[in-house]
Amino acid sequence: MLNLLPRRRHRAYVALVVGTVALAVGVNVVVFTIVNALWLRPLPVRDADRLVYCAKSNFGDSEDHPFDPRSSLLRPFRGAVAGQVDESKFGLTPVLTVQGRQVPEVAGITAGFFHLFGIPIRGRDFVPDDDLPGSAPVAIISHRVWMEDFGGRADVVGSTIAADTMTIRVIGVAPAGFDGVRKGDHVDVWIPSQLRRRLSPTSLHVWGVPLMVFGRLPPGRTLVEVEREVRANDSYHEDFALVPLADVFGSPASSTIAIDEGPAAGVAGGLALLVLIGGCLTLATLILVHYERRASELATKAALGATRRQLLGELSKELAVVAVVGTGLAMFVAQLALRAMPALSLPGGLDLGRLDLSPDWRVLSVALGATFGTCALAAWLPLVRFTRGTLARTLLAGPATTSSPATQRLRQLLLTAQVCAAVVVLASAALFVRTVLYGFGGASGFDVDRTLFVRAEVASRYGYAGDLPGFESVAARRRLRVEDALRALRGVLQVVDGQSPIGKERMSILQRPTVIVTDGGQQTLRVGWVWDADVDWLSALGVKMLVGRALRADDVRVRPSRVVVTASLANRLWPGENALGQRIATPALKGFVVGVSSDFVYGSLLEPAIGTVVTAYHADPGVVGCWVVRAADAASVVGRAEQAVRTAVPDVAWVEVQTGRDVVAQDLGRERVGAWFFSGFGLVALILGVGSVFGLVAYLAESRQREFGVRLALGATASRLMTHGLGAALVPVAVGLVIGLGLSALVAQLFTSALVGVGALDPWAYSAIAAAMLGGAALAALMAAWRLRRIAPIDALRSH
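End of the sequence shown = 800 in our numbering, gap-free, step of one.
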């Protein structure tokens, strides 16, 4: 075997090959690990393909209206449904202590939950009587809690868990590997939903708990058929949707979402494949150049009697060693990248840190297959070429530094393909980066850096309006204390009632278009409507008035209502006319326009309303208070704002504080991930692409040393040589660039819906990529030509 690794002259080659394999294969391992965690890893439930999540419908469980699995809405499931308390609605996980340790995640479920999913319980399962008001408190613990907190004791059934107001008896243990039915669940303890309501410190005592409902499709029925029957039974739930359990993700901090990112996953997989192809091309180039420099060595072995099979075997062993080392390094690179992934979040708050990103046999198979496949594909042509029997003629022909035309064409073809693959990856990354920059650069229409949104449940212990005498006055006083505390903070300029114009609550209003009637007729439009904010809400957001006046305190409860509309809506309803004084009516509003404001996004940056109507509002005291805080620097106020709320109302149930940037970042979750994710691809492609282009162009010029010597001897000037070398290098790069940009435009069409404010043919992104690739190639060619111009003609002609 050729002793490859110890040889000093081969060490740089080995390092480059191993590094190329590690980057190209590592990227693909990262992508496949995430795809494996999201879609391929089997769910720990029975018949997962028949289980669904009932999305976009409100279910509750209370004393007056207990959860009914045989309701008209759920009738098509024939009772095969169960519910789990949706903690994200209130962010209130009860405090339970197991063996002195607080368990982080508790799930309230209805009776029959484990039976629905086919989960066997050590001990006993919940029964309907456990879920009745006043029943003895019981719990089922996870296998993890059983092992870590109870030491795996066989007599764990009958043990107790401590809560704030009661002691809960353990009646069963879930099997190993079961942490919940949603991807992202890490449940430690399951309790009946009614017990979850009793443990709540809030008004859930009165109104019950919100439930997420899961069901099993009846035999012989498809998801589409059941969904159609539900809508036929109850037209009120037109937005009802069923989501396969395999596509469901959730955690206590986020609502249950459907991981419906098939097109994005396809694009990510395709780009990862392009990185692998780029790595393969880079390897082919390195191996080609390396074996060219070892042509004499291989020819000598052939002349001394080495058969082609022996040469192929020795060279294959070299590559096998490189592949093994490259695989190990690729897995190391992938693990480093996966450790950084939890800092990202996908649409709707999908936290990658809650997924099982550990490698299994699928991931390892992909890593090994990609590595050895890449090495085999990259080395096939060089191995065949440099182990031919005619290679022995090299000894007779003598050394040459000017490659044959066939070799030059092969290198140029590799260079063209490398540039093409790199450009597609870089273009995709650039489009996502441009989208995120656009989103944070004023596209929202309000001042994201000086705006803070505060929400808090400040009066939950008193129930809801009408539940207890004097509730309104108590709630009003508590809300006023919060407002005064926020205004007293250093750097705060304004505090008004209201919520963010961007968010799920706003998007839900846009699900159905609104009929808007004006003097000119009626139109059905997706229009935003702000009725739950103070008259100074627009000024707190930093939205400017363009025409007319802002709302005033004396506009509150005046009929017909005084409204402010955004400029885009005014142009749509009254094109070419003055909007001031115009009458406007919707099913829930009648008023006339007193002002026109600048545009701002309502709902989502991805699918915003075409315009917004803002009406005067008098805040009625309620359990949850919402405020818009305008500050000189919103980010610096976040921590102090939360503390101010907790100080003003010590028994506040929960507090949520977000800056305008936080709101936009959450709304652009998928786009931010695309920017980071594809930028990582782009960085790897840039390293493999530009690095390979730089090295190959330099080597192409250097390999023409004898040709340059002849040209110098015949009187060519240094400038003409540099121009000639530069042109020869840039032609294949330019061809690869043109093809790559064309392919990029086609690929971008696959995720156009994820691009906000940026087109699939964004000239800035494509221009930057073209400049980078051409600049790198030109610099490589100029450096090589500049060095070669100093060589004396006689030295160039004598060089080997």
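Glycine is no exception: its CB is placed at the ideal position from the N, C-alpha and C atoms.
Predicted model, so just to flag it, every value in this text is computed and none were measured.
- prompt: Can you tell which of D484, A533, S358 and A337 has its C-alpha closest to the C-alpha of L683?
  reply: Taking the first residue of the sequence shown as 1, we reach residue 683 at position 683. L683 has its Cα closest to that of A337, out of D484, A533, S358 and A337.
query: What does T801 pair with, by DSSP beta-bridge criteria?
result: As displayed, the chain neither begins before 1 nor continues past 800, which places residue 801 out of reach and without an answer.
- prompt: In or out: W361 buried (at least 16 other Cβ within 10 Å) or exposed?
  reply: Within the sequence shown, numbered from 1, the residue matching residue 361 stands at position 361. That one is exposed.
task: Helix, strand or coil for K544, going by three-state DSSP, please let me know.
output: Translated into the one-based positions of the sequence shown, residue 544 becomes position 544. It is coil, neither helix nor strand.
- prompt: Does DSSP put D467 in a helix, a strand or coil?
  reply: Numbered from its first residue, the sequence shown carries residue 467 at position 467. Residue confidence is low: D467 scores 47 on pLDDT, short of 50, so the model does not pin down where it sits. Its coordinate-derived value is still stated next. The answer is coil: DSSP assigns D467 none of H, G, I, E or B.
message: I'd like the list of long-range same chain contacts for L688, defined as Cβ closer than 8 Å, with 5 residues on each side in sequence excluded.
response: Your numbering for residue 688 matches position 688 in the sequence shown. By the criterion of a C-beta distance shorter than 8 Å, L688 is surrounded in its chain by T20, L23, A24, V275, G278, G279, T282, Q418 and A422, once the five residues flanking it on both sides are discounted.
- prompt: Which residues in the same chain as D185 place their Cβ atom closer than 6 Å to its Cβ, once the five residues preceding and following it in sequence are excluded?
  reply: Locating residue 185 in the sequence shown gives position 185, where the first residue counts as 1. Here the set comprises D179.
query: Using the C-alpha atoms, what's the distance from L606 back to V454?
result: Within the sequence shown, residue 454 is the residue found at index 454, counting from 1. Within the sequence shown, residue 606 is the residue found at index 606, counting from 1. Cα to Cα, V454 sits roughly 24 Å from L606.
- request: Taking V657 as the reference, give the member of G639, V664 and A648 with the closest Cα.
  value: By 1-based counting over the sequence shown, the position of residue 657 is 657. Comparing Cα positions, the closest option is G639.
- request: List the DSSP bridge partners of Q658.
  value: By one-based count along the sequence shown, residue 658 stands at place 658. Beta-bridge analysis with DSSP links Q658 to F453.
query: Starting from D534 and walking both ways along the beta strand (DSSP E), at which residues does that stretch end?
result: For the purposes of this step, residue 534 is taken as the residue at position 534 of the sequence shown. Where D534 is concerned, there is no enclosing beta strand (DSSP E), given that its DSSP letter is neither H nor E.
Buried versus exposed, by CB contacts within 10 Å (16 or more), K183: The residue you call residue 183 lines up with position 183 of the sequence shown. By the neighbour-count criterion, in which 16 or more other beta carbons inside 10 Å mark a residue as buried, K183 falls on the buried side.
field: Touching by the beta-carbon criterion (3+ pairs, under 8 Å), the region 97 to 104 and the region 137 to 151
entry: Short answer: they touch.
field: Nearest-angstrom beta carbon gap, L538 and A550 [assumed within contact, 8 Å]
entry: If you number the sequence shown from 1, residue 550 lands on position 550. If you number the sequence shown from 1, residue 538 lands on position 538. Contact annotation, A550 with L538: C-beta distance approximately 6 Å; criterion of less than 8 Å satisfied.
- request: Measure the Cβ-Cβ separation of A427 and I769 and say whether it is below 7 Å.
  value: Position 427 of the sequence shown, counting from 1, holds the residue named residue 427. Position 769 of the sequence shown, counting from 1, holds the residue named residue 769. Taking 7 Å as the cut-off, the beta carbon of A427 is found closer than this to the beta carbon of I769.
field: Terminal residues of the beta strand (DSSP E) in which L589 lies
entry: The residue labelled residue 589 in the question sits at position 589 within the sequence shown. Start and end: L589 to S597.
- prompt: Grouping DSSP H, G and I as helix and E and B as strand, with all else coil, what is I584?
  reply: Within the sequence shown, numbered from 1, the residue matching residue 584 stands at position 584. DSSP places I584 in strand when its eight states are reduced to three.
query: Could you give the residue range of the alpha helix (DSSP H) that holds A334?
result: Translated into positions along the sequence shown, residue 334 becomes position 334. Where A334 is concerned, the enclosing alpha helix (DSSP H) stretches over R308 to A340.
- request: Sort out for me which residues DSSP pairs W190 with in a bridge.
  value: In the sequence shown, residue 190 corresponds to position 190, counting from 1. According to DSSP, W190 bridges with A107 and I140.
Given 8 Å, three or more beta-carbon pairs between the region 25 to 33 and the region 362 to 372: Yes, the region 25 to 33 is in contact with the region 362 to 372.
query: Do A570 and D599 come within 7 Å of each other at the CB atom, strictly closer than that value?
result: Reading the sequence shown from its first residue, position 599 is the one you call residue 599. Reading the sequence shown from its first residue, position 570 is the one you call residue 570. Pairing D599 with A570 gives a Cβ-Cβ distance that is not under 7 Å.
task: For the alpha helix (DSSP H) containing A82, list its first residue and its last residue.
output: Translated into positions along the sequence shown, residue 82 becomes position 82. DSSP places A82 in no alpha helix (DSSP H) but in the uninterrupted beta strand (DSSP E) bounded by V81 to V85.
message: Between which residues of its own chain and L204 is the CB-CB distance below 6 Å, once the five residues before and five after are set aside?
response: As a working mapping, residue 204 is identified with position 204 in the sequence shown. Here the model assigns L204 a pLDDT of 48, short of 50, so the residue's position is not dependable, and the following value carries that caveat. These residues qualify, in order along the chain: R197.
- prompt: How would you label A648, buried or exposed, when you count the other beta carbons within 10 angstroms and need 16 or more for buried?
  reply: Stepping through the sequence shown from its first residue, residue 648 is reached at position 648. Flag for A648 reads buried.
field: Contact under 7 Å by Cβ, V45 with G118
entry: For this step, residue 45 is matched to residue 45 along the sequence shown. For this step, residue 118 is matched to residue 118 along the sequence shown. Contact flag set, yes.
task: Take the Cβ of T615 as the centre, count every other Cβ of all protein chains shown within 10 Å, and call the residue buried at 16 or more, exposed below.
output: For the purposes of this step, residue 615 is taken as residue 615 along the sequence shown, with counting starting at 1. T615 comes out buried.
field: Paired residues, beta bridge with T566 - DSSP
entry: The count along the sequence shown starts at 1 and reaches residue 566 at position 566. Answer is S597, bridged to T566.
- request: Using a threshold of 7 Å, state whether the C-beta atoms of A456 and V655 are closer than that.
  value: Locating residue 456 in the sequence shown gives position 456, counting from the first residue. Locating residue 655 in the sequence shown gives position 655, counting from the first residue. Yes, these two residues count as a Cβ contact at 7 Å.
field: CA-to-CA distance, A476 to I140, given in whole angstroms
entry: Position 140 of the sequence shown, counted from the start, is the residue given in the question as residue 140. Position 476 of the sequence shown, counted from the start, is the residue given in the question as residue 476. One C-alpha to the other measures close to 41 Å.
task: Under 8 Å by Cβ, that's how I've got V733 and M773 pegged, so tell me the actual separation to the nearest angstrom.
output: Mapped onto the sequence shown, residue 733 falls at position 733. Mapped onto the sequence shown, residue 773 falls at position 773. Contact annotation, V733 with M773: C-beta distance approximately 6 Å; criterion of less than 8 Å satisfied.
query: Considering only C-alpha positions, which residue in the set Q494, V209, E642 and C626 is nearest to D86?
result: Against the sequence shown, residue 86 aligns to sequence position 86. Taking the Cα of D86 as reference, the smallest distance to any Cα among Q494, V209, E642 and C626 is reached at V209.
Secondary structure of Y53, DSSP reduced to three states: Translated into the one-based positions of the sequence shown, residue 53 becomes position 53. Note: Y53 maps to strand in three-state DSSP.
- request: Kindly indicate the opening and closing residues of the alpha helix (DSSP H) around R646.
  value: As a first step, residue 646 must be located in the sequence shown, where it is residue number 646. V638 to A648 is the span of the alpha helix (DSSP H), which, as asked, contains R646.
message: Looking only at its chain, what residues have a beta carbon closer than 7 Å to the beta carbon of A392, apart from the 5 residues adjacent to it on each side?
response: Numbered from its first residue, the sequence shown carries residue 392 at position 392. Confidence in A392 is poor, its pLDDT being 48 and thus under 50, which makes the residue's placement too unreliable to answer from.
message: The alpha helix (DSSP H) that contains L73, what's its start and end?
response: For this step, residue 73 is matched to residue 73 along the sequence shown. DSSP places L73 in no alpha helix (DSSP H); its state is neither H nor E.
contact_flag[the region 221 to 232, the region 157 to 170] where n(CB pairs < 8 Å) is 3 or more: The answer is no - the region 157 to 170 does not touch the region 221 to 232, with fewer than three Cβ pairs under 8 Å.
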